[in-house]
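A short worksheet on the structure shown next.
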Amino acid sequence: MSTRDDAPIGPNVSIHTYDLSFLCDLAEDETYTLSAEAQALLQQQKELLQQATSVTILLGGKAGRLGECVVATALLTGTLEALRLLQKEGTPVQILVDQNSADLFQQDNYQQQYWPEITIQPCAQPPQDLTDLTSIHPAKTSTQEQECLLVLNFHGAHDGMPYLALAEDAPTTEHEPGRAVAILENLFRVGVRNYAQRGAEERYAAFISTLFATKLTATIQPQLLLSEQDEQRYQELIRDWNIDTRAFQVACFFQSVVLAKCYERWDEVMQLICDYFAQQLPQQSLLFLLPCGPDTDLPDGFKQADMVEWLQDFTGSGQNARVMIKRTQSLRDLAILTSHAHLALSNDTGPGHIAGALHIPTFVPFLPGTIYARDIWSSTPWHHGVTLEPNPYSYQQLVAAVTWGKTDIIDMIEPQQIFQAMLPYLPTNQS
């Protein structure tokens, strides 16, 4: 572990930083022996949370990736639960979230679930460095005491080793006592990637508990909060999409900006599901809902028109199925539709993380290996990732598939393998 004094970054601000890379070692081995200095740092971070007069949390994804933003909601949830545990309910919390994903974060829902002093601010561009982070100015809670701002950077674009930065504004007048700023930087990689080794149930709670030297008792997972107003919106979507609510609904997310992750055998998986229902529940109809995103940046072959050409005539077994392909007006609508699905079929892509965060059983084919690792990106207990085991491909072959947009490897996963994973979640004639 190392520390260093940084040069002042402004006329009234100086920063001291502390290396937290030991968190990566602890993630891999929970019996890892921490030095006395590391233990003291973790205790200090608990005290910083206890002393904070306001907390700012950054959420988002590298290059605007939706999935990273949704997965990071587990770290947001864990922090709010840690504040509750430390009897800090009511602390002003400002959530800065990528503008592209902000539609999923309704301020009223967080205020009702937690406390009224939570605000959400969409950001076109997240803060990039310590200068930007120390310039954050949430609403003051008091002019009679020093403001203590804690910034937690859970943004997926900030991918380096974690560290703690302590900054302090010198008082500007006798009536302005100055401001202390503590920044926990680069938390996404360690919190999401490294702690994935702790398993689906424990990974996020273990990280937040360690970060703040506080044992969380609440269940911590990615979550998206919906409300009664969202249920009213669903009634509008039923009419707009012409949804038969008596059908067994399957949300389908078959698009991805990474062509190598686009599974081309979903129609075979769908047919296996329909054959199953024809045998087990012959009177039950199925509805495959395929919400499409904007064609911008999507690879050829997986734009909305391609989805229509591929699947619009699919009718299942004995015409027991219907496919609906339509562009959603917003991510909020996509989440609302997904929340009513019985299960989801998804490439390794952002909307699949939405399904998992809504506790919908979600079945995902993953590339083998570590480039888009199943163990990391099966981001909730509701994710059921399927891949090729053992991995028959070299790292170079996988890199080439991603670089050149080849689907040969992902298509080697047999549809029957995905179907077998979902069997425990399908109804039977005895259920």
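Last residue of the sequence shown: number 431 in the UniProt record's numbering, and the count goes up by one each step with no gaps.
No residue lacks a Cβ here, since even glycine has one placed at the ideal position from N, Cα and C.
Beta-carbon separation of residue i and residue j under 8 Å?
| i | j | result |
| --- | --- | --- |
| P381 | Q221 | yes |
| Y204 | L75 | yes |
| L152 | I57 | yes |
| D98 | L331 | no |
| P361 | V386 | no |
| A247 | A355 | no |
| L20 | L164 | yes |
| A321 | I208 | no |
| F253 | N100 | no |
| H16 | L166 | yes |
| F288 | V323 | yes |
| L48 | A206 | no |
| I336 | L237 | yes |
| A260 | I409 | yes |
| L85 | T296 | no |
| Q280 | T79 | no |
| P291 | T349 | no |
With residue i as the anchor, note down where its beta strand (DSSP E) starts and where it stops.
| i | result |
| --- | --- |
| D98 | V93 to D98 |
| C123 | I118 to C123 |
| C252 | F248 to F253 |
| L331 | Premise fails: L331 lies in the alpha helix (DSSP H), L331 to S339, not in any beta strand (DSSP E). |
| T362 | T362 to P365 |
| R179 | R179 to E185 |
| P386 | What sits at residue 386 in the sequence shown is Val, not Pro. Looking at the DSSP string, the run of the beta strand (DSSP E) that includes V386 is H383 to V386. |
| L398 | No beta strand (DSSP E) holds L398; the alpha helix (DSSP H) holding it covers Y395 to W404. |
| L311 | First-last for L311: Q304 to L311, but that is the alpha helix (DSSP H), not the beta strand (DSSP E). |
| C292 | L286 to C292 |
Could you check which residue in the options has the C-alpha nearest to that of residue i?
| i | options | result |
| --- | --- | --- |
| D129 | L42, G160 and Q106 | G160 |
| L133 | S227, H155 and Q417 | H155 |
| V71 | L80, E81 and G60 | G60 |
| residue 449 | E147, K88, A321 and L345 | For the chain, the structure presents residues 1 to 431; residue 449 sits outside this window and is missing. |
| A38 | S317, F212, F302 and C148 | F212 |
| residue 492 | W310, L298, D275 and P351 | The displayed coordinates of the chain run from 1 to 431. Any statement about residue 492 would go beyond what the structure contains. |
| Q255 | L86, K326 and T53 | K326 |
| D306 | D411, G316 and G293 | G293 |
| P299 | V402, I136 and L23 | V402 |
| L92 | E231, Q50, T296 and L259 | Residue identity check: residue 92 is Pro in the sequence provided, not Leu. Checked all of E231, Q50, T296 and L259; the closest Cα to P92 is Q50. |
| Q106 | S227, Q235 and Q125 | S227 |
| G199 | I409, D375 and S14 | D375 |
| F314 | A335, V269, D411 and A157 | V269 |
| residue 443 | P127, Y114 and Y110 | There is simply no residue 443 to check, as the chain begins at 1 and stops at 431 in what is shown. |
| E264 | Y18, M412, V55 and D108 | M412 |
| A341 | K406, Y425, D297 and Q312 | Y425 |
| L358 | T73, A36, A63 and L34 | T73 |
| V190 | P162, T217 and T349 | P162 |
| L34 | E202, T210 and D240 | T210 |
| Y393 | L337, Q416 and I371 | I371 |
| P126 | G316, K62, L23 and I418 | K62 |
Tell me the DSSP secondary structure of residue i in three-state form.
| i | result |
| --- | --- |
| I409 | coil |
| R233 | helix |
| C148 | strand |
| N347 | coil |
| I418 | helix |
| residue 439 | The structure shown does not extend to residue 439, since the chain spans only 1 to 431, so no value can be given for it. |
| L426 | coil |
| K326 | strand |
| V257 | coil |
| H353 | helix |
| N153 | strand |
| W241 | helix |
| L41 | helix |
| Y195 | helix |
| D295 | coil |
| E228 | helix |
| A218 | coil |
When the cut-off is 8 Å and only beta carbons count, does residue i lie next to chain B?
| i | result |
| --- | --- |
| G160 | Looking at the structure shown, chain B is missing, and only one protein chain is on hand. |
At which residues does the alpha helix (DSSP H) containing residue i begin and terminate?
| i | result |
| --- | --- |
| G78 | T73 to L85 |
| C274 | W266 to Q280 |
| E28 | F22 to E28 |
| L211 | R203 to L211 |
| Q107 | Q107 to Q113 |
| I371 | No alpha helix (DSSP H) holds I371; DSSP gives it neither H nor E. |
- Pairing CB atoms from the stretch 42 to 51 with CB atoms from the stretch 190 to 202, are three or more of them under 8 Å? No, because fewer than three Cβ pairs between the stretch 42 to 51 and the stretch 190 to 202 fall closer than 8 Å, the two stretches do not touch.
- Take every Cβ of the stretch 387 to 402, pair it with every Cβ of the stretch 366 to 376, and state whether three or more of those distances are shorter than 8 Å. Contact between the stretch 387 to 402 and the stretch 366 to 376 is present: 3 or more CB-CB pairs across the two stretches fall below 8 Å.
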